[in-house]
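Colleague: The following block contains the structure, expressed as structure tokens.
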Amino acid sequence: MDHIVWSDKPLTIKLSKATRFLDREPCAIQRYPMRSKPRGLVLVISNIYYDSPTEIPRFSAKHDEANLEELFKQMGFEVVTHRNLTGQQIKEAVRTFSKRKDLEKVDSCFVFITSHGTEDKMNNSEIQGTDYQENAPATYEKVLCSDIYDYFTAEACPQLAEKPKIFVFQLCRGKKVQKPVAQSRVSIDSFAFANTNKDECVRRLTTRKYSDMLIVQSTLPGHVAYRDKITGSWFIQILCKVFMTCACTEHIQDLFSMIDAQLKYIRTLDNECQTSTVESMGFNKHCYLHPGLYEEDLLD
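Start counting the sequence shown at 1; every next residue gets the next number (UniProt numbering).
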């Protein structure tokens, strides 16, 4: 949803590079290996123009696309971009990306989809392809957010089994708007303990179908997501700022906490706000991206 201008010019990406590797330091929580070159593969799908005249063009989304591409290239990732895809084309682009053999050689994968979005009758978050219509014909290919990460299960994409896979959706998930309240605080701590006496050989032979996935939504279920008319979406702008300055020392889960900590202060002229969500599917290790750092850089 387009709304107020809160920045006078698009973000300029200037990366703070990592100076040391953090994935092998002793820690109670395990860490994903993150040293490959390229560090990972990134898919960015941006829908700006739509066939239906009722779907307003997302002009400033071009800056989200450009910022994400530049950010991840500077961090050492290979980036693939697509723009203005129909529902069927979105699925095909994601499917093709998930089948790439070179995913075996990298340590991670990111998928970004920025688009108009909605909530279907079953309260699922739906990505609107460029051919989306409210009363879509039978030929329209519906795309749910869950369809996207289904292409990356250990069964569908064994090249990425036990590797971190991060999915970020910048889109509306309904029509609800959120108003801030005078005081609100929720803090939940949870701990899980695993039986460590299982046979190690058996454990290595199998892996869970849904695992090592982080599902990030720019807004709450059923709610709108806001976009600056000039510089791009609130969420992606903050994401790029946080990643380019803090990914050199902080792990992924903390980066997304930092993003929402900044997002909570932004308001529209109508005093509306936005809350991001992060869902973990077996993403139980810390993931340090080590942006711009490679093992050969540390050799004399």
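Here a beta-carbon is modelled for each residue, glycine too, at the ideal position from N, C-alpha and C.
The model shown is predicted, which means the values in this text are computed figures rather than measured ones.
Please look up how many angstroms separate the CB atoms of V242 and I215, rounded, as I've assumed it's under 8 Å.
Modeller: In the sequence shown, residue 242 corresponds to position 242, counting from 1. In the sequence shown, residue 215 corresponds to position 215, counting from 1. Going by Cβ atoms, the distance from V242 to I215 rounds to 18 Å, so no, they are not a contact pair.
Colleague: Going by Cα to Cα distance, which pick from D64, T268, P158 and I252 is closest to H286?
Modeller: Along the sequence shown, read from residue 1 onward, the residue named residue 286 stands at position 286. Minimum Cα distance to H286 is reached at I252.
Colleague: Check V79 in the structure and name its three-state DSSP category.
Modeller: If you number the sequence shown from 1, residue 79 lands on position 79. In this structure, V79 counts as strand in the three-state DSSP scheme.
Colleague: What whole-angstrom Cβ distance do R97 and V80 have, given they're in contact under 8 Å?
Modeller: Here residue 97 refers to the residue found at position 97 when the sequence shown is read from its first residue. Here residue 80 refers to the residue found at position 80 when the sequence shown is read from its first residue. The residue you asked about is not Arg; residue 97 is Phe in the sequence shown. Indeed they touch by this definition, with Cβ atoms about 6 Å apart.
Colleague: Quick check on the DSSP output: the alpha helix (DSSP H) that includes F256 runs from which residue to which?
Modeller: On the sequence shown, position 256 is the one that residue 256 refers to. That run of the alpha helix (DSSP H) goes I252 to L263.
Colleague: Within 10 Å of its beta-carbon, does T231 have 16 or more other beta-carbons around it, so buried, or fewer, so exposed?
Modeller: As a position in the sequence shown, residue 231 is number 231, starting the count at 1. Per the 10 Å Cβ criterion, buried.
Colleague: Relative to the C-alpha of F283, which residue among K9, R31 and K17 is closest?
Modeller: In the sequence shown, the residue the question calls residue 283 occupies position 283. Out of K9, R31 and K17, R31 has the C-alpha closest to the C-alpha of F283.
Colleague: Mind reading off the beta-carbon distance from L41 to R95? Whole number of angstroms is fine, and I expect it under 8 Å.
Modeller: For the purposes of this step, residue 41 is identified with residue 41 of the sequence shown, where counting begins at 1. For the purposes of this step, residue 95 is identified with residue 95 of the sequence shown, where counting begins at 1. With 8 Å as the limit, L41 and R95 do not qualify as a contact, their Cβ atoms being about 14 Å apart.
Colleague: Given 8 Å as the limit, is there contact between the stretch 19 to 35 and the stretch 268 to 277, that is, 3 or more CB pairs closer than that?
Modeller: The stretch 19 to 35, when compared against the stretch 268 to 277, does not touch it at the 8 Å Cβ threshold.
Colleague: What separation, rounded to the nearest whole angstrom, lies between the Cα atoms of T196 and D212?
Modeller: Counting from one through the sequence shown, the residue named residue 196 turns up at place 196. Counting from one through the sequence shown, the residue named residue 212 turns up at place 212. Here T196 scores only 41 on pLDDT, less than 50, and its place in the model should not be relied on; the value that follows carries that caveat. Whole-angstrom Cα-Cα distance: 19 Å.
Colleague: Could you tell me the distance, in whole angstroms, from the CA atom of H116 to the CA atom of I90?
Modeller: Here residue 116 refers to the residue found at position 116 of the sequence shown. Here residue 90 refers to the residue found at position 90 of the sequence shown. In a straight line, the C-alpha of H116 is about 13 Å away from that of I90.
Colleague: CA-CA distance, R164 and Q133?
Modeller: Numbered from its first residue, the sequence shown carries residue 164 at position 164. Numbered from its first residue, the sequence shown carries residue 133 at position 133. The displayed chain sequence assigns Pro, not Arg, to residue 164. Looking at the two C-alpha atoms, the distance is approximately 34 Å.
Colleague: Less than 7 Å between C-beta atoms, sequence neighbours within five positions excluded: which residues of the same chain meet that for N84?
Modeller: Your numbering for residue 84 matches position 84 in the sequence shown. Hits under 7 Å: N47, I48, Y49 and T130.
Colleague: Tell me where the beta strand (DSSP E) around E279 begins and ends.
Modeller: Indexing the sequence shown from 1 puts residue 279 at position 279. Its beta strand (DSSP E) spans residues T277 to M281.
Colleague: How about V224 and C172: do their beta carbons lie closer than 8 Å?
Modeller: Position 224 of the sequence shown, counting from 1, holds the residue named residue 224. Position 172 of the sequence shown, counting from 1, holds the residue named residue 172. Yes, these two residues count as a Cβ contact at 8 Å.
Colleague: When you compare each of L71, G87 and P33 to I127 by their alpha carbons, which one comes out closest?
Modeller: On the sequence shown, residue 127 is found 127 positions in, with the first residue counted as 1. Ranking L71, G87 and P33 by Cα distance to I127 puts G87 first.
Colleague: Comparing alpha-carbon positions, which option in L43, D51 and V177 lies nearest L220?
Modeller: As a working mapping, residue 220 is identified with position 220 in the sequence shown. Comparing Cα-Cα distances from L220 to each of L43, D51 and V177, the minimum goes to V177.
Colleague: Is the CB-CB distance between S125 and Q217 below 8 Å?
Modeller: Looking up residue 125 in the sequence shown gives position 125. Looking up residue 217 in the sequence shown gives position 217. Result yes, Cβ atoms of S125 and Q217 sit closer than 8 Å.
Colleague: Rounded to the nearest angstrom, how far is the Cβ of C240 from that of L71, given a contact under 8 Å?
Modeller: For the purposes of this step, residue 240 is taken as the residue at position 240 of the sequence shown. For the purposes of this step, residue 71 is taken as the residue at position 71 of the sequence shown. About 5 Å separates the two Cβ atoms, so the contact holds.
Colleague: Where does C109 sit, in a helix, a strand or coil, going by DSSP?
Modeller: Sequence index remark: in the sequence shown, residue 109 carries index 109 (1-based). Strand, per DSSP.
Colleague: DSSP has Q274 in a bridge; who is on the other side?
Modeller: Translated into positions along the sequence shown, residue 274 becomes position 274. According to DSSP, which records beta bridges pairwise, Q274 is partnered with nothing at all.
Colleague: Under DSSP, the beta strand (DSSP E) around G117 begins and ends at which residues?
Modeller: To locate residue 117, count along the sequence shown from 1; it is residue 117. Looking at the DSSP string, the run of the beta strand (DSSP E) that includes G117 is G117 to E119.
Colleague: Nearest to H63 by alpha carbon, out of P33, S257 and R227?
Modeller: For the purposes of this step, residue 63 is taken as the residue at position 63 of the sequence shown. Nearest option by C-alpha distance: R227.
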